[in-house]
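Asks: Okay, handing you the structure first.
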Amino acid sequence: MSIGFYPGCSLKGSAPEYTESLLAVAEKAGLELKEVPDWNCCGATAAHNLNHELSLALPARILASAEKAGMKELIVPCAACYSRLCVTAAELRENPELRKKIAGVIEMDFECSTKILNVIEFLERWVLNSEEMKIPAPFNHKVACYYGCLLVRPPKILNFDRPEDPMTMDKLMSKIGAEPIDWAFKTECCGAGFSVSRTDLVAKLSGKILEDAEDRGAEAVIVACPMCHSNLDMRRAQINKRAGRKFRLPAIYITQAVGSALGIPDKKLGMKRHFVPVKLSMTKTKNAPAKAAVPAAQTAGKEMEA
Amino acid sequence: MARIGVFVCHCGENIGATVDCAKVAETCGKIPGVVHSVDYKYMCSDPGQNMIKDAIREKKLTGVVVAACSPRMHEPTFRRATAEAGLNPFLCEMANLREHCSWVHEKADATTDKAIDLVRILVEKVKRNKPLLPIKVPVTKTALVLGGGIAGIQASLDIANAGHKVILVEREPSIGGHMSQLSETFPTLDCSQCILTPRMVEVAQHPNITLYTYSELESLEGFIGNFKVKIRKKSRSLDEKLCIGCGLCTTKCPNKRIPNEFDAGLGMRPAIYVPFPQAVPNKPVIDKENCTYYTKGKCKLCEKICPRNAIRYDQPDEIVEAEVGGIVIATGFNVLNSDFFPEYGYGKYKDVVNGFQFERLASASGPTLGEMKRPSDGKTPETMVFIACAGSRDPAKGIEYCSKICCMYTAKHAMLYRHKVHHGKAYVFYMDIRAGGKMYEEFVRRAIEEDGVNYVRGRVSRIYEKNGKLIVMGADTLLGAQPVEIEADMVVLATAGIASEGAEELAQKLHVSYDTYKFFTEAHPKLRPVETNTAGIFLAGACQAPKDIPESVAQASGAASKVAGLFSQDELTREPLIAVVNRTAPPQYSTCVGCFLCQTACPYQAIEKEEIRTKDGKLIKTVAKVNPGLCQGCGTCVALCRSKSIDIEGYTHNQVYAEVMALLNRSEDNVNI
Amino acid sequence: MSVENHSHHGPETLSDKIYAETGVNAARCYQCGKCSAGCPLAEDMDFPPSVIMRLLQTGLPINEEKALKSYSIWLCLACETCYARCPMEIDIPKIADCLRHESLRRKKANPKSKDIISFHRAFLDSIKYTGRLYEMGLIADYKARTRHLIQDVNLAPGMYIKGKLHIIPERIKNLRLMKKIFSKTLESKEKTR
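As structure tokens, this is what we get:
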């Protein structure tokens, strides 16, 4: 069983552990991931910031190539690439004139007929898709599921999960034995593409995310985007410096968590490639190390007497 | 011999700027049968009408065609004028040169030609008009008021005091509606129950009012002046004649943990309960869905305890039938709950509440006896945030309209909080302040200037909980949209006013129009606010659109006056433009063969069977007969009748055929052959 | 699409232009401030999103200039939070994109945004020449443009050891098409004016 696969530049560059864990999980599920032939960069933030047609042409070539290769479904693990492809497909589906124009620019005709899946949809449909699934090494930890911006917004185009307090990743993590916490920064931006040009802002925004997750007792942040991962992991030193606090919790890709639960060894999942070491003991759920877990006065309060 | 008068109106610029009215009058003067043809600027004005009357008398006209606006606009006007001149009003017709011609075409010769055509065909019709007399139907002088909130109460009292009988139906166990849940009312800060309960008692004691509580409308049939209603009295499981309202059963009921609807879910009540101490009637009701006896077959403590032996577990619902002449819908409204808002927590934060919940917390008879205590842990909130426009004016959430009352009650809530917690901080996040009523603006200024409420102009993007506090993220748009973050102990959302539950089903039962938001539609938004498009059914209060108490009361009195006006006549006249089954000479009696296809098809059940018998009672044939009281003149039966035995007065086959033929037969100078 | 903006007469405003190109109507904004309240970087911006909308709404050249020259539009993370929460469902990120494009076209980009724009340009350069992002090339290009020569050098060894830094770029086969795509889009737009 093979399925179309668009890795995107990060998975081939600065996020090798995402690719490794994704391929390992796919292999466990008996799936072959076939890359879109001669795929190009989707343009990410840079393209749509500087030019509209370029921001459509680059993803269009990817979609056209996927279609040409007969791919009915395309798994796009990077949330930014997923967003660009979905937004482009939606805009070009609605506007046939524009689609013709872009087809001229990329010298290929296309229909935008390929179904684009993000990593969570992929895991739900192709990997953790049966009730009787065996989970040999349940991921017994309290986790903060971090969706980031582009998996759930803009809601009208993506139609994937609810944009406030989404639950798809939480449900997936529960399935593999984890305890997803209720926290307030599930979809707050990590700082996106400012990793290099405004690292201080990434430190500020990512710091808020880690603070909320750690204060509520999470042992790890689960991510589904290489940009978010890089900001939360690679930029940890800057985050800590700005916050005046040492955040210990690691950022783990969802494919790494799922792979770990399916019994795939750490090396195959690239667990050692993180800047922040992944030190999770595989026993019962631990309580939060640094700060005491905050009682949720709101959700479990006393009821009023009559 | 036909002597038709044609009167062409310019309607100011409306017709005159596009159609050559003088030419229309001139050409139509040449139509055979037309003896008088003029044009004038404003036919509906006094001089215009006088022209028609004078012509009728002087030229002894046998028919009148007024070529002007839509008959929906002025047919009654011109028919009245015709009648005053001594001619049967149904010999006057209107040709619509405005909506059907000048308003939909550009100025051109073709447009004037079309106008002439329109007049021509009406002339041919009117030549075949018959004088008709209006139909009279009796009026039942009993009113039905649906809904026992302040609007329903006011309407009932007004109609009852006018000397007519009223049946008031309320679906909750007590009347009072949402007003009984409020603590204080703006702009006077009157205690809501104190001003309401005297009215409630008056309703209960009024000799002209029959009160059915815990009851709903089951079905409605009939028409204005002659409605037949069925009311379902839901079983209270109680013999109301025996119960004295001592309340012993409610104190002894072991099942006390049911969320109290009256307290908007914040307090608890037992399974056998009276909604609030001042309830009218002050008799309990058993909540069958939660009572231990009804769900599990055990307990029966209330039956054992009741000193009057009034409990009746197997009491069935009762259907009461009644005849009424007019109906007032006063079913009120509801508000959104906090679970409607994804960015404010999807309802999972106990301390994010809506307006009614705050009212219950502030109310002396509420779950905290009027002390400011937050629902989650009972602590006194030190910082409170009030968010206006929560859901209203929000197309993204599907509600475009403004809910009108929230600016005022938000100011009131903030003031009540500050009065109870002197050191507390109150913030109101708003977009605009709508305080257009009498003393309303002064009320809001008092909140800001005297009671120290901080008003911040900006909407709140999201609320989340951290360390027992609610983090409110808003912005101050008057300071360049500066982000404003507040750590609040409690948040009150001024949620949008929405249609009451079951509004759509009720509207369909009553055949009343409603809009996309399920509010009932008034007959005309400006000039007929208390009537619906269904004759005999009137509107009062927030069921039509969100509104405050003064307006609800005013509208209720308005609806009551319409009902009283209706009842001031002993008979109602109906337009005689109804279907009639023909009658011919014996031995045929009628061309109707008695197939009754018309009866099956009639949407108004207006067709009956009539037996034609000889003098000694022998049956000759059974034919169809139209009930002149029920027929609405829709024409379905006419289209179906295979023997052409049924026809509509004023729109007979003959008349319609003549119009069509007139259109087809045109001569060179556009005068029919 | 036809432009029917009746709010002012006279020559086409920037708001008209945006409406004609994208269908997004700035007149719908009633200045509630919810976008600014939820924007992660509103406190760092010279004009938070709702104020940018107001500048456009006035249709006055002096205000349009302020919007085009603002730092806000370059600080925008394109996180889409504003659009997801806007009660009037206005596609604010789309307007932000248009303002960015127009700001570059008219050469009015805020001087503070130099680093940010340099990063975008360096990114696109990399794609133009190899079809895929070549991180080392991106960094070198960025440093050449901004002169931040020693930025992040301490990260390089760690990245290399963890296998995140590739010396040799990956090139796609159809590089000719890449260059063509760029010349037909980005380069042709910036040549006009």
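Chains as they are written, first to last, in the working numbering: chain A, 8 to 313; chain B, 45 to 717; chain C, 3 to 195. Glycine included, every Cβ here is placed at the ideal spot set by N, Cα and C.
(1) What first and last residue would you give for the beta strand (DSSP E) that runs through H149/B?
(2) Should E186/A be flagged as near chain B, meaning a C-beta pair shorter than 8 Å?
(3) Helix, strand or coil: which one does DSSP assign to A185/A?
(4) What are the boundary residues of the beta strand (DSSP E) that Y474/B is part of?
(5) Thinking C-alpha only, which one of V189/B, C297/B, Y508/B, Y445/B is nearest K392/B?
(6) Along chain B, which residues have their Cβ under 9 Å away from the Cβ of Y32/C?
(7) Between V504/B and chain C, is any beta-carbon pair separated by less than 8 Å?
(8) Using a Cβ-Cβ distance cut-off of 8 Å, determine whether A191/A contacts chain B.
(9) Quick check: the Cα distance between M196/B and L310/B, rounded to an integer number of angstroms?
(10) Which chain C residues sit within Cβ distance under 8 Å of E114/A?
(11) When the cut-off is 8 Å and only beta carbons count, does I525/B lie next to chain C?
(12) For T696/B, tell me which candidate among I622/B, Y558/B, K342/B has the shortest Cα-Cα distance.
(13) Under a Cβ-count criterion, where at least 16 other Cβ atoms within 10 Å of its own Cβ denotes burial, should T40/B be classed as buried or exposed?
(14) Excluding the five sequence neighbours on either side, which residues of its own chain have a C-beta within less than 7 Å of the C-beta of P594/B, listed in chain order?
(15) Taking any Cβ of chain C, which residues in the segment 533-554 of chain B have a Cβ under 7 Å from it, in chain order?
(16) Which whole-angstrom value describes the C-beta separation of V516/B and A532/B, a residue pair presumed to lie in contact below a C-beta threshold of 8 Å?
(17) With a threshold of 16 other CB atoms inside 10 Å of the CB of P328/B, please say whether the residue is buried or exposed.
(18) Under 8 Å Cβ to Cβ from Y633/B, same chain only, skipping five residues before and after it: list those, please.
(19) Shorter than 8 Å from the beta carbon of D48/C to some beta carbon of chain A?
(20) How should Y701/B be labelled, buried or exposed, when 16 other C-beta atoms within 10 angstroms of its C-beta is the threshold for buried?
(21) Contact between the segment 258-269 of chain A and the segment 108-120 of chain A: three or more CB pairs below 8 Å?
(22) Alpha carbon to alpha carbon, what distance is there between L131/B and R101/B?
(23) Cβ of T186/B versus every heavy atom of the ligand MG: is any distance shorter than 7 Å?
(24) Can you give me, in chain order, the residues of the segment 385-411 of chain B that have a beta carbon less than 8 Å from any beta carbon in chain C?
(25) Since Y73/C sits in a beta bridge, which residues does DSSP pair it with?
(26) So, for C196/A: in the same chain, excluding its five sequence neighbours on each side, which residues have a beta-carbon less than 8 Å away from its beta-carbon?
(27) Rounded to the nearest angstrom, how far is the Cβ of E221/A from that of L256/A, given a contact under 8 Å?
(28) How about H222/B and G376/B: are their beta carbons less than 8 Å apart?
(29) Output yes or no for whether 8 Å exceeds the beta carbon distance between I48/B and V167/B.
(30) Just to check my reading of the structure: T121/A and L81/A have Cβ atoms closer than 8 Å, yes? What is that Cβ distance to the nearest angstrom?
(31) P303/B bridges to which residues according to DSSP?
(32) So which residues on chain B does R169/A lean against when the C-beta distance must stay under 8 Å?
(33) For I261/A, which option in K286/A, P233/A, W190/A has the closest C-alpha, if you only look at C-alpha atoms?
(34) Tell me the rounded alpha-carbon separation between I477/B and G442/B.
(35) Below 8 Å between beta carbons is the criterion; list the residues of the segment 151-176 of chain C that meet it against any residue of chain A, in chain order.
(36) Below 8 Å on the Cβ atoms is my guess for G585/B versus S596/B; work out the distance and round it to an integer in Å.
Replies: According to the data block:
(1) Note, H149/B: premise wrong, no beta strand (DSSP E); not H, not E.
(2) No - not a single Cβ of chain B is within 8 Å of the one on E186/A.
(3) Residue state, collapsed to three classes: coil.
(4) Segment 469-474, the beta strand (DSSP E) holding Y474/B.
(5) Comparing C-alpha distances from K392/B to each of V189/B, C297/B, Y508/B, Y445/B shows the shortest one belongs to Y508/B.
(6) Residues of chain B passing the Cβ test: R437, M475, D476.
(7) By this cut-off, V504/B is an interface position.
(8) Chain B, which has a Cβ nearer than 8 Å to the Cβ of A191/A, makes this yes.
(9) Rather than Met, the amino acid found at residue 196/B in this sequence is Gly. Spanning the two alpha carbons is a distance of roughly 27 Å.
(10) Those are L179, K182, listed as they occur along chain C.
(11) Strictly speaking, residue 525/B in this sequence is Ala, with Ile absent from that position. Interface criterion met: the Cβ of A525/B is under 8 Å from a Cβ in chain C.
(12) Of I622/B, Y558/B, K342/B, the residue nearest in Cα terms is I622/B.
(13) This structure does not reach residue 40/B, given that chain B is present from 45 up to 717, and the question cannot be answered.
(14) Taking P594/B as the centre and dropping the five residues before and after it, the same chain places the C-beta of G481 closer than 7 Å to its C-beta, in chain order.
(15) Cβ contacts with chain C come from no residue of the segment 533-554 of chain B.
(16) Right, their Cβ atoms sit about 5 Å apart.
(17) Looking at its Cβ environment, which holds 16 or more other Cβ atoms inside 10 Å, P328/B is buried.
(18) These residues qualify, in order along the chain: R627, I656, I664, K665, V667.
(19) Look at D48/C: its C-beta is not under 8 Å from any C-beta on chain A.
(20) So Y701/B counts as exposed.
(21) These segments do not touch.
(22) Taking the CA atoms as reference points, R101/B sits about 9 Å from L131/B.
(23) Of the ligands one can find in the structure shown there are none, so the ligand MG has no counterpart to examine.
(24) From the segment 385-411 of chain B, only E387 have a Cβ closer than 8 Å to chain C.
(25) Y73/C is not bridged to any residue.
(26) Once the five neighbours on either side are set aside, the close Cβ partners of C196/A are G155, C156, L212.
(27) Indeed, because the Cβ distance is near 5 Å, the residues count as touching under 8 Å.
(28) Closer than 8 Å, so yes.
(29) Result yes, Cβ atoms of I48/B and V167/B sit closer than 8 Å.
(30) Confirmed, about 5 Å.
(31) Residue pairing by DSSP places P303/B opposite M312/B in a beta bridge.
(32) Against R169/A, the close residues of chain B are P386, in the order they occur along the chain (beta-carbon pairs closer than 8 Å).
(33) Looking at the Cα atoms, P233/A is the closest of the given residues.
(34) Cα-Cα distance, rounded: 22 Å.
(35) Correct list: Q153, D154, L157, G160, M161, K164, G165, K166, L167, H168, E172, I174, K175, N176.
(36) About 4 Å separates the beta carbon of G585/B from that of S596/B, a gap short enough to meet the 8 Å contact definition.
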